[in-house]
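*Asks:* Mind looking over this structure? Questions follow.
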Amino acid sequence: ATVCVEYLLPKIELEGIFRVSGNHTDIERVKRQIDKTRQYHVIAQCDNPNTVAGIFKSFFRELAEPLLTFAQYAR
Numbered sequence: 084a085t086v087c088v089e090y091l092l093p094k095i096e097l098e099g100i101f102r103v104s105g106n107h108t109d110i111e112r113v114k115r116q117i118d119k120t121r122q123y124h125v126i127a128q129c130d131n132p133n134t135v136a137g138i139f140k141s142f143f144r145e146l147a148e149p150l151l152t153f154a155q156y157a158r
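Listed below in structure tokens is the structure:
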């Protein structure tokens, strides 16, 4: 996630950076590369900020427990 933030921070002013979807094929390709090699430099090589934003969003979506944990939910 840190590599994504470092990539996206200078581009944060781009309109729709987290709203506009990145290319699904590119997102999955980069995620597979990271899973296979554990090398995160491939993110810095992305030419589409929306792809990196998509990778960043999927990181949070795929967590075993949400960022705001189940214990934080009102019962």
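The working numbering applies: residue 84 is where the sequence shown begins, and numbers increase by one.
Glycine included, every Cβ here is placed at the ideal spot set by N, Cα and C.
#1: Count the CB pairs spanning the stretch 91 to 108 and the stretch 135 to 146 that are closer than 8 Å, and state whether there are at least three.
#2: Near Val-125, what residues of its chain come up, given a Cβ to Cβ distance below 8 Å and the 5 sequence neighbours on each side ignored?
#3: Can you have a look at Pro-93 and say buried or exposed, based on whether 16 or more other CB atoms are within 10 angstroms of its CB?
#4: So, at 8 Å on beta carbons, what are the nonlocal neighbours of Leu-91 in its own chain, with the 5 sequence-adjacent residues on each side left out?
#5: State the DSSP-derived secondary structure class of Cys-129, mapped to helix, strand or coil.
#6: In three-state DSSP terms, what is Tyr-90?
#7: Assuming Ile-110 contacts Ser-141 under a Cβ cut-off of 8 Å, what Cβ separation, rounded to an integer in Å, is found between them?
*Replies:* Taking the coordinates as given:
#1: Contact between the stretch 91 to 108 and the stretch 135 to 146 is present, with at least three C-beta pairs closer than 8 Å.
#2: Only Val-113, Gln-116, Ile-117 meet the Cβ criterion.
#3: In the assembly as shown, Pro-93 is an exposed residue. Its beta-carbon has fewer than 16 other beta-carbons within 10 Å.
#4: Cβ within range, chain order: Ile-100, Pro-132, Val-135, Ala-136, Phe-139.
#5: Shown here, Cys-129 sits in coil according to DSSP, grouped into three states, outside any helix or strand.
#6: If DSSP states are grouped into helix, strand and coil, Tyr-90 belongs with the helices.
#7: The Cβ separation is near 7 Å, so the contact holds.
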